[in-house]
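Mapping of the sequence shown onto the working numbering: residues 8 to 194, in sequence order. No residue lacks a Cβ here, since even glycine has one placed at the ideal position from N, Cα and C.
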Amino acid sequence: MFEQLTQLAQQFGVESVVKNNAIPNEHNEAVMTEASSSIISGLQKIVSEGGADQLAGLFQGKNAQDSSNPVVQKLTEQLTSSLGEKFGINNETASGVAESLIPQILGSLVNKAKDPNDSSFQISDIIGAISGNSRQDAGIMEAISKYGGQFGLDQNADGKVDISDAMSAVTKKSGGLGSILGKLFGK
8 MFEQLTQLAQ
18 QFGVESVVKN
28 NAIPNEHNEA
38 VMTEASSSII
48 SGLQKIVSEG
58 GADQLAGLFQ
68 GKNAQDSSNP
78 VVQKLTEQLT
88 SSLGEKFGIN
98 NETASGVAES
108 LIPQILGSLV
118 NKAKDPNDSS
128 FQISDIIGAI
138 SGNSRQDAGI
148 MEAISKYGGQ
158 FGLDQNADGK
168 VDISDAMSAV
178 TKKSGGLGSI
188 LGKLFGK
């Protein structure tokens, strides 16, 4: 997943990083890589602090590009800090880069993860990248169950998202979000 995020950072970083005279050219690649790693580590931190609902909410709506979204705010703050510490970029420039990159990358990530015709990002890959232990996996799965109907994950229309839905999705080989649950449950 890190490689795909880095590709998104490179795609969206042309204006905010490459064409930004305040960022030395020798740091362009590293700044975009830092944006990718900052997203993963930031999402890991949000989940470890009990923010699985926030993460599920991010994938629920079209608010991934909204700078007032708490997830976007946390990731933007983290990247701003990291750019200052690692590259000596002043706070105003670092903040501008983060405020540009984070919403664009997250918006694209969410749209790709929700698009059944785009297999470049799967929710299972995202969950795997951000959850390091089964307790976090359980929290994320609880959030997915809570919001799963809105994702179209309730395959058998029983009002809940569970292993039955995963099996149904795997049986249908529907791809997209349905197969993600199959992967999550190892089926």
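Indicate the three-state DSSP secondary structure (helix, strand or coil) for residue i in the structure shown.
| i | result |
| --- | --- |
| residue 30 | coil |
| residue 73 | coil |
| residue 170 | Summary for residue 170: the model assigns pLDDT 48, below 50, so the residue's position carries little reliability; its value from the coordinates is reported in the next sentence. The answer is helix: DSSP assigns residue 170 an H, G or I state. |
| residue 56 | coil |
| residue 129 | coil |
Mark residue i as exposed unless 16 or more other C-beta atoms lie within 10 angstroms of its C-beta, in which case mark it buried.
| i | result |
| --- | --- |
| residue 70 | buried |
| residue 195 | One cannot answer for residue 195 here, as it falls past the ends of the chain, which runs 8 to 194. |
| residue 43 | buried |
| residue 98 | exposed |
| residue 76 | buried |
| residue 27 | buried |
With the cut-off set at 7 Å, would you say residue i and residue j are in Cβ contact?
| i | j | result |
| --- | --- | --- |
| residue 78 | residue 110 | no |
| residue 113 | residue 128 | no |
| residue 82 | residue 58 | no |
| residue 108 | residue 9 | no |
| residue 47 | residue 105 | no |
| residue 21 | residue 38 | no |
| residue 41 | residue 102 | no |
| residue 85 | residue 45 | yes |
Runs of beta strand (DSSP E) lying entirely within the region 93–127, each at least 3 residues, in chain order: none
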